[in-house]
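Here's the structure we're looking at; comments come further down.
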(Lines of atoms letter the chains of each structure in order from A; the text may use other names.)
(Lines give C-alpha, C1' and ligand atoms only; values in the text may rest on other atoms or scores of the structure.)
Protein backbone atom coordinates (compact mmCIF):
# COMPACT_ATOMS: atom_id res chain seq x y z
CA UNK A 233 0.00 0.00 0.00
CA UNK A 234 1.46 3.35 -1.02
CA UNK A 235 0.51 6.40 1.02
CA UNK A 236 0.68 9.96 -0.23
CA UNK A 237 1.68 11.83 2.92
CA UNK A 238 2.03 15.57 2.31
CA UNK A 239 2.77 16.51 5.90
CA UNK A 240 4.32 14.97 8.98
CA UNK A 241 2.08 14.10 11.90
CA UNK A 242 3.18 14.95 15.43
CA UNK A 243 1.38 13.50 18.45
CA UNK A 244 1.67 14.83 21.98
CA UNK A 245 -0.33 14.67 25.18
CA UNK A 246 -0.15 15.65 28.82
CA UNK A 247 -1.55 14.35 32.07
CA UNK A 248 -3.54 16.38 34.57
CA UNK A 249 -2.35 15.31 38.01
CA UNK A 250 -4.32 16.06 41.16
CA UNK A 251 -1.80 17.00 43.86
CA UNK A 252 -4.05 15.29 46.43
CA UNK A 253 -2.69 12.03 45.02
CA UNK A 254 1.12 12.08 45.17
CA UNK A 255 3.14 10.64 42.31
CA UNK A 256 5.31 7.61 42.95
CA UNK A 257 8.73 7.16 41.34
CA UNK A 258 8.81 4.79 38.40
CA UNK A 259 12.22 3.12 37.98
CA UNK A 260 13.83 6.11 39.71
CA UNK A 261 12.03 8.69 37.53
CA UNK A 262 9.75 11.36 38.95
CA UNK A 263 8.73 14.16 36.55
CA UNK A 264 9.22 17.80 37.52
CA UNK A 265 6.20 19.95 38.38
CA UNK A 266 4.85 21.85 35.40
CA UNK A 267 1.94 24.26 35.18
CA UNK A 268 0.07 25.19 32.04
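Numbering (the working numbering), first residue to last: 233 to 268.
Ideal Cβ positions, reconstructed from N, Cα and C, are used throughout, including at glycine.
What's the C-alpha gap between residue i and residue j?
| i | j | result |
| --- | --- | --- |
| residue 248 | residue 264 | 13 Å |
| residue 240 | residue 259 | 32 Å |
| residue 268 | residue 254 | 19 Å |
| residue 266 | residue 246 | 10 Å |
| residue 261 | residue 244 | 20 Å |
Would you list the one or two residues that DSSP bridges to residue i?
| i | result |
| --- | --- |
| residue 258 | 261 |
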